[in-house]
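Below is one structure, written out as structure tokens, with a few remarks after it.
Residue numbers (my numbering): 1 to 330.
Below, the structure is given as structure tokens:
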């Protein structure tokens with residue numbers, strides 16, 4: 001029998017739910033939001049409680065406005081200073097620590113991109129907690145699922161740290177849609193300058209093709225293409241599909257294509273509707289980055305290539321004949 005001072009469990013759980021609050025660190029280039037941020041917001045919504053989004057940069061008003069309209073976002077915290085240009089972890093970390101000191105977030109999240117993997121461990125170290133990387137599912141506010149051993153095993157873990165610091169795999173969460181009306185607030189002023197690093201410049205590769213991590217169709221090439229010039233076969237085929245072009249680590253290491261095309265455990269994680277692997281043997285390193293694709297098609301002249309074990313459809317053929325024939329028929 002409950003005493004007068006006791007509270008029903010439902011009320012206790014409701015209060016705990018309200019205590020949950022998550023900070024999502026937005027990734028952007030001051031004018032365009034990186035798609036994985038919307039996936040991270042969906043993960044934050046699955047945790048429960050209020051969801052705040054941090055937008056740091058220069059003249060990032062359009063990003064703040066766009067995020068304020070995302071469903072599930074409670075407020076957008078904006079910090080506009082020259083020091084945040086380039087989103088270096090050395091400048092973002094003290095800002096996040098200041099926000100944490102003020103708002104006492106229970107969770108801090110970023111996408112499992114190069115940016116997220118760079119800044120989240122630094123924040124976790126400063127807060128003296130263990131970061132949880134590449135989360136693929138949120139079971140509850142303290143229980144998460146992630147893959148280990150290059151995706152060959154799935155681990156469910158319960159985090160005991162008072163603040164949970166996560167990177168989430170974008171391919172496992174739907175992108176949050178518009179439909180919200182969040183308040184936009186300025187971050188507390190402070191000195192976030194650092195002599196540890198300085199952003200100088202960046203050169204972005206411009207392409208009419210979709211970005212790898214958000215593409216619906218991806219055509220990837222491996223060492224079997226034998227040279228960078230032969231990747232033109234894939235570009236011609238990709239133009240027919242409106243697809244993105246990727247590569248295995250072997251092709252990148254051989255210098256055929258730049259490393260921003262690399263798909264795999266040490267590259268980009270993708271899960272398109274259609275993945276066409278051309279001249280890729282199927283090493284574990286590569287499979288870890290693409291095996292969640294909806295449909296996998298493999299073209300390889302070696303019938304024993306491991307890629308055929310995960311492929312939904314396989315073609316044992318000389319790629320230098322098969323790919324031009326396929327391109328011509330489309």
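Glycine is no exception: its CB is placed at the ideal position from the N, C-alpha and C atoms.
Secondary structure note for residue 315: its beta strand (DSSP E) is the uninterrupted segment 313 to 316.
Distance check between residue 45 and each of 58, 59, 22 places 22 closest, using alpha-carbon atoms only.
Between residue 220 and residue 284, the gap from beta carbon to beta carbon reaches 8 angstroms or more. By DSSP's assignment, residue 146 forms a beta bridge with 135, 155. About 5 angstroms separates the Cβ atoms of residue 92 and residue 119, confirming a contact at the 8 angstroms cut-off. Looking only at 167, 148, 144, the smallest Cα-Cα distance to residue 157 is reached by 144. Here the alpha carbon of residue 286 sits roughly 33 angstroms from the alpha carbon of residue 85. Comparing alpha-carbon positions, the option among 306, 37, 186, 166 lying closest to residue 98 turns out to be 186. Under the rule that a run must span 4 or more residues, the alpha helix (DSSP H) segments found entirely inside the segment 213 to 277 read 232 to 241, 249 to 253. DSSP, read as helix, strand or coil, puts residue 50 in strand. As a beta-bridge residue in DSSP terms, residue 300 pairs with 316. Remark: three or more beta-carbon pairs, one from each stretch, lie closer than 8 angstroms, so the segment 125 to 133 and the segment 161 to 177 are flagged as touching. If you ignore the 5 residues before and after residue 104, its C-beta comes within less than 8 angstroms of the C-beta of 21, all in its own chain and listed in chain order. The continuous beta strand (DSSP E) containing residue 110 extends over residues 107 to 111. For residue 88, the secondary structure class from DSSP, reduced to helix, strand or coil, is coil.
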